[in-house]
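Participant: First, the structure itself, so that you have it in front of you.
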Amino acid sequence: MIQRSSGGGRGRGNAVGRDLEASRASKMIARVAQMYQKSVGKSLRMYGIKYDDLLVDTKAVQEALHHISNDEYTSRQRRIARAADCSLKRTYLPDEIQAIQAPFDGYLAEKADVAEELAAERRELTRWSSFAVARHATFDFSDGVDIDDDDDDDELMRQLVQEDNDQSEFGADAVDAATKQRMLLAQTSSKFMQAMLTPSARRNSRPTSAPPSRAKPWGHGDGDERAKKKAAAPQRGQTSVSVEYLRQAAEKKKARDRDFARELQREESEYKKKITLKIDQANKMSVSIGSKRTYMLAPDREGMHMIKVVDSAGSDRVISVELGQSMSRNSSVKRIPQENGAATADGAGATASLEQRKSRMRGLRASHVANEASMADLHEMSAALMKNNHATGKPGDRTLVQEELKSVLASTIELTKVLQEQLHELKLKGWNFAAAKHNATAPAN
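Residue 346 in the UniProt record's numbering sits at position 346 of the sequence shown; the count goes up by one each step and never skips.
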């Protein structure tokens, strides 16, 4: 019985020890969570985000936000992005986004359970290094955490840590070596950052032992020669090159403009010569048909070459060189001829104008008959020359034939010009000008 009671007391003592261990572990976890929440809250406060105890997967958050309306999503897009940037795989959502996710509490709760399982697995994998660090560290608990400092409790904690280290995969020595290496690396990095933040280091970052210039690699001994050639070569900046290019382009454009102006002037002079030649031909034709009308060159008007026509009665008008172009009476006719009956409206003027036109047409018919006779004579002459050539076998005088052909062609051109001029005059005055005047004066006679 005594042995049983002692065994039962030992079992009760072990149970009490386990309960005490669990309570202390829970208090320690709560304290660590409080400190972690405080440090993370400071970091999140920089982004305007509040700390939340619920760990939610980022992918789940994005899938949940996908079902929200467009207006609500766009209005809170920046806050959501900032919350997603807090961690690569975990995020702490503010109250504003949690209010949006109210319809998806069940969906997020499932993801929260998965996140808790992942966190527990991570703690299980990293608990050996955490216990080793806790063995060397000194904990400064606040007054709110009640932990007894009994020797028995400390001895029990040391036994638990030793058992965990003995059961670990690498052993306590490997954990101690890894911890020392991590602490040494942290000290080295902190010393380097302090040295770089000093004013002297910022002014001159090159150490005193470093050479003033970079060493040249092997096989590049001709670098000095290339540098000398580059220094001796004429160097022009980008601005000077662009200015020189613009100057050359301007000179080329000026040369093209000058050539174009010379070409225009040459064409204009040739065109003026042709107009003068036509005026001379028209004056000769008017003399040959017995007309007192003369032609002369007039100043240009609005870029068009003009010709001044002077009639026998002293009236003049200005027409364009392009015959057949219809022009208005106000712009083309300078003064209405009195000979044609425009100044007086009596029947005598109309009859005289009609007689003049008839006589002019008779002269044109006579010239046309003369041209036809000359053409017939030319044909007879060419036939006689052909017969003579066939009879004698010698070529005839071609110069005579060429002169006759030129004269016939010139007379035909002059006749065509006269007909075109009369057609233009009829267009200006009206096709039935003389007939209308004759009909108007017929009842009076």
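Where is the CB? At the ideal position from N, CA and C, for every residue including glycine.
#1: When you compare only the Cα positions, how much space is there between Arg18 and Arg24?
#2: Bridge partners of Val309, per DSSP?
#3: What's the call for Ala282, buried or exposed, on a 16-neighbour Cβ count within 10 Å?
#4: Could you say which of Arg398, Met285, Phe260 lies nearest to Ile413 if we only look at CA atoms?
#5: Within 10 angstroms of the Cβ of Lys228, are there 16 or more other Cβ atoms? Answer buried if so, exposed if not.
#6: Does the structure place the region 397-405 close enough to the region 266-277 that three or more beta carbon pairs sit under 8 Å?
#7: Go through its chain and collect everything with a Cβ distance to Val318's Cβ below 8 Å, but skip five positions before and after it.
#8: Can you name the residues that DSSP bridges to Arg301?
#9: Closest to Lys278 by CA distance: which of Met183, Glu121, Val418, Leu20 is it?
#10: Report, in whole angstroms, the separation of the C-beta atoms of Ser320 and Met296, which I expect to be a contact under 8 Å.
#11: Asp311 and Arg293: beta carbons closer than 8 Å?
#12: For the alpha helix (DSSP H) holding Ile413, just list the boundary residues, first then last.
#13: Buried or exposed, going by whether 16 or more other CB atoms sit within 10 Å of the CB of residue 448?
#14: Whole angstroms is fine: what's the gap from Gln187's alpha carbon to Glu225's?
#15: In whole angstroms, what is the alpha-carbon distance linking Leu426 and Gln420?
#16: Decide if Lys111 is buried, meaning its Cβ has at least 16 other Cβ atoms within 10 Å, or exposed.
#17: Please state whether DSSP places Gly17 in a helix, a strand or coil.
#18: Measure the alpha-carbon distance for residue 446 versus Lys252 and round it to whole angstroms.
#19: Within a Cβ cutoff of 7 Å, which residues of the same chain sit near Gln325, ignoring the five residues on either side of it in sequence?
#20: If we ignore side chains and look at the alpha-carbon of each, how far apart do Gln181 and Ala22 end up?
Facilitator: This is what the structure holds:
#1: Taking the first residue of the sequence shown as position 1, residue 18 is located at position 18. Taking the first residue of the sequence shown as position 1, residue 24 is located at position 24. Those two C-alpha atoms are separated by around 10 Å.
#2: Numbered from 1 along the sequence shown, position 309 holds the residue referred to as residue 309. Tyr295, Arg317, per the DSSP bridge assignment.
#3: Taking the first residue of the sequence shown as 1, we reach residue 282 at position 282. Label assigned to Ala282: buried.
#4: Numbered from its first residue, the sequence shown carries residue 413 at position 413. It is Met285 whose Cα lies nearest to the Cα of Ile413.
#5: Residue numbering aside, residue 228 sits at position 228 when the sequence shown is read from its first letter. Classification for Lys228: exposed.
#6: no
#7: Taking the first residue of the sequence shown as position 1, residue 318 is located at position 318. So the qualifying residues of the chain are Ala298, Arg301, Met306, Ile307, Lys308, Val309, Ser332, Lys334.
#8: Locating residue 301 in the sequence shown gives position 301, where the first residue counts as 1. Bridge partners of Arg301: Met304.
#9: Numbered from 1 along the sequence shown, position 278 holds the residue referred to as residue 278. Closest by alpha carbon: Val418.
#10: Here the question's residue 320 lines up with position 320 in the sequence shown. Here the question's residue 296 lines up with position 296 in the sequence shown. Contact flag wrong, Cβ pair sits at about 14 Å.
#11: Position 311 of the sequence shown holds residue 311. Position 293 of the sequence shown holds residue 293. Yes.
#12: By one-based count along the sequence shown, residue 413 stands at place 413. Looking at the DSSP string, the run of the alpha helix (DSSP H) that includes Ile413 is 398-429.
#13: No information on residue 448 is available, as it lies outside the stretch 1 to 445 that the chain covers here.
#14: Within the sequence shown, numbered from 1, the residue matching residue 187 stands at position 187. Within the sequence shown, numbered from 1, the residue matching residue 225 stands at position 225. Going from the Cα of Gln187 to the Cα of Glu225 covers about 49 Å.
#15: Indexing the sequence shown from 1 puts residue 426 at position 426. Indexing the sequence shown from 1 puts residue 420 at position 420. In a straight line, the C-alpha of Leu426 is about 10 Å away from that of Gln420.
#16: Numbered from its first residue, the sequence shown carries residue 111 at position 111. Burial call: buried.
#17: What you label residue 17 is simply residue 17 of the sequence shown in a count that begins at 1. Looking at Gly17 - three-state DSSP - the assignment turns out to be helix.
#18: In the structure as shown, the chain starts at 1 and stops at 445, and residue 446 therefore has no counterpart that could be examined.
#19: The residue given as residue 325 occupies position 325 in the sequence shown. Because the pLDDT of Gln325 is 39, which lies under 50, any placement of that residue in the model is unreliable, and the question is left without a value.
#20: The count along the sequence shown starts at 1 and reaches residue 181 at position 181. The count along the sequence shown starts at 1 and reaches residue 22 at position 22. Near 32 Å, if we compare the C-alpha coordinates of Ala22 and Gln181.
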